[in-house]
Amino acid sequence: MDGQQAYNMANREVPKRRRLGRSAKLRLNLSSSILAEVRKGHSRMLRSRGITAVIAACVVALVAALAGCGQFSPPYMKPLSAQTQALLAEKGMTEDSPVLIRIFKAESELEVWKAKDDGRFYLFKTYPICSYSGDLGPKVSQGDRQAPEGFYLVSLDQMNPRSKYHLSFNIGFPNAYDRAYGRTGQDIMVHGDCTSAGCYAMTDGVVEEIFILARQALEGGQAAFQIQAYPFRMTAAKMAAHKDDQWYDFWKNLKEGYDYFEISHLPPKIEVCDKHYLVNAAFVNRAARADPSGACPAFERLPVSRAPAQQEAAAKPKPAPIKGYSASLTKPLGSILRLSFGPSKPADRAFTLGPATPTVGK
């Protein structure tokens, strides 16, 4: 390459880049924006599809779970079974009518009573108690593993739908009577399962029905329902059988409430004064208040209104005894008729009289 060619190569003009016009720039910017939005939209769409897939999977799982369990609801919100509803209707009772509970330790039974339109309580059902701890007699102290006896009240805030024993309600121990004697303890329940440490265990299925009946009564307007916890059915015979027990005087006091309810089918009015249950009484001074540990104010017994069944039983005349005959059917006929048979030696081919009273079962 000669000098002129080298000069021309070194000094030639480099062609300038073509400058874009305004409209071209606008088109390019618009295309870039559209492309960016498309990319963003695609990303959002992918995320949205992922979220939708997760939600759909959750819905499918929930539906599958519900299909497996049937119509799910918490145990305390379940309706009563069709059989229980039918029994209520048969007895002329409603689901939300007031309830009353009686407990009998020795018999291991819990009774639910329901009020009817006349205001009196009628037996709805008797349930077996699966387990209670301790012996006959009241609860005295925390940790004695003894189930209480006495008169207690249960309001809506004592109902526990989240019990570790399925469902439960706190019976209200210690009450004013218990506190007057310095008795201690807490969280004494009627609950499910079949293990007890001072409570009344009913099994899950049984407590579920009792809980629902109680809840419906409280939600229906009953302020609180009464629990009467007894050592046994307090008949005269059973009281006599326990006359030497250390708790006999306490049980005599409980029997006042037992007898009142047996006759009237009404919850006994209970006050606590002089360390004693005062049953079915009103203070002469209406403004007076009971002091559980102090002397009872002057009071008067209220009249007892007999339940219709008790009225019929009291009015029904007893059959008069037949004159000339013993009330006992176990005596020999000869002694009843005042006949005397002397000793005799039976002759051959002679018949003898056997026992005047035939032997049962032979």
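In the numbering used here, the protein residues as written are 932 to 1293. Don't be surprised by glycine CBs; every beta carbon is placed ideally from N, CA and C.
Practice task
Could you give the DSSP three-state label for Arg1033: helix, strand or coil?
Solution key: strand
Exercise for the section: Under 8 Å by Cβ, that's how I've got Thr1015 and Glu1140 pegged, so tell me the actual separation to the nearest angstrom. Expected result: 6 Å
Practice task
Determine which residues share a DSSP beta bridge with Met1090 and list them.
Solution key: Phe1100
Handout entry: Local Cβ density within 10 Å of Asp1109, reported as buried at 16 or more and exposed below that
Key = buried
Exercise for the section: Could you tell me whether the Cβ atoms of Met1090 and Phe1104 are closer together than 8 Å? Expected result: no
Problem - Among Glu1080, Trp1178, Arg1232, Gly1188, nearest to Leu1197 - alpha-carbon criterion - result: Gly1188
Exercise for the section: Please state if the CB of Leu1031 and the CB of Phe1156 are separated by a distance shorter than 8 Å. Expected result: yes
Problem - C-alpha distance - Ala1226 paired with Ser1064, whole-angstrom precision - result: 34 Å
Handout entry: Start-to-end residues for the beta strand (DSSP E) that takes in Arg1232
Key = 1230-1232
Handout entry: Residues near Pro1069 by beta carbon distance below 8 Å, same chain, minus five either side
Key = Gln1077, Pro1079, Glu1080, Gly1081, Asp1109, Arg1114, Trp1178, Phe1181
Exercise for the section: Hey, could you find the ends of the beta strand (DSSP E) Lys1183 is sitting in? Expected result: Careful: Lys1183 lies outside any beta strand (DSSP E), inside the alpha helix (DSSP H) at 1179-1195.
Problem - Residue interval of the beta strand (DSSP E) (run including Leu1011) - result: Here Leu1011 belongs to no beta strand (DSSP E), and DSSP marks it neither H nor E.
Exercise for the section: Starting from Cys1130, follow its DSSP beta bridges and name the residues at the other end. Expected result: DSSP output for Cys1130 lists no bridge partner at all.
Handout entry: Residue of Glu1040, Pro1005, Pro1234, Lys1206 minimising C-alpha distance to Val1121
Key = Glu1040
Problem - Counted within 10 angstroms of its Cβ, other Cβ atoms place Lys1095 as buried (16 or more) or exposed - result: exposed
Practice task
Count the other C-beta atoms from every protein chain shown that fall within 10 angstroms of the C-beta of Glu1021, then say buried if there are 16 or more, exposed otherwise.
Solution key: exposed
Exercise for the section: Within the same chain, show all residues whose beta-carbon is closer than 6 Å to that of Met1165, passing over the 5 residues directly before and after it, in chain order. Expected result: Lys1186, Tyr1189
Exercise for the section: Please classify Met1170: does DSSP put it in a helix, a strand, or coil? Expected result: helix
Exercise for the section: Find the nearest neighbour of Tyr1191 within the set Lys1206, Asp1118, Gln1159, Ala1017, judged by alpha-carbon distance. Expected result: Gln1159
Problem - For Ile1158, three-class secondary structure by DSSP - result: strand
Handout entry: Sub-8 Å separation of Ala1238 and Arg1033 beta-carbons
Key = no
Handout entry: Member of Ala1221, Tyr1161, Glu1193, Arg1220 whose CA lies at the smallest distance from the CA of Tyr1083
Key = Tyr1161
Problem - Span of the alpha helix (DSSP H) around Gly1136 - result: 1135-1150
Practice task
Please determine, among Glu1038, Ala1221, Val1210, the residue with the shortest C-alpha to C-alpha distance to Pro1234.
Solution key: Val1210
Problem - For Gly1074, the nearest candidate out of Glu1026, Ser1127, Pro1059, Leu1011 (CA to CA) - result: Ser1127
Exercise for the section: Kindly indicate which three-state DSSP category Pro1059 falls into: helix, strand or coil? Expected result: strand
Problem - Identity of the residues DSSP links to Ala1213 by a beta bridge - result: Glu1231
Handout entry: Nearest candidate by alpha-carbon position, reference Leu1149, set His1097, Trp1044, Val1085
Key = Val1085
Problem - Continuous alpha helix (DSSP H) stretch holding Tyr1108: start and end - result: 1107-1111
Practice task
Check whether the Cβ atoms of Ser1028 and Lys1056 sit closer than 8 Å, and answer yes or no.
Solution key: no
Problem - Reduced DSSP category for Leu1054 - H, G, I as helix; E, B as strand; rest coil - result: strand
Handout entry: Proximity test, Cβ basis, 8 Å: Ala1160 and chain C
Key = Of the protein chains in the structure, only one exists, and it is not chain C.
Exercise for the section: Could you check the C-alpha separation between Pro1199 and Tyr1208 for me, to the nearest Å? Expected result: 11 Å
Handout entry: Residue from Tyr1131, Leu1011, Cys1125 with nearest C-alpha to Asp1118
Key = Tyr1131
Practice task
With a threshold of 16 other CB atoms inside 10 Å of the CB of Gly1136, please say whether the residue is buried or exposed.
Solution key: exposed
Problem - 8 Å Cβ cutoff met for Lys1036 and Leu1067 - result: yes
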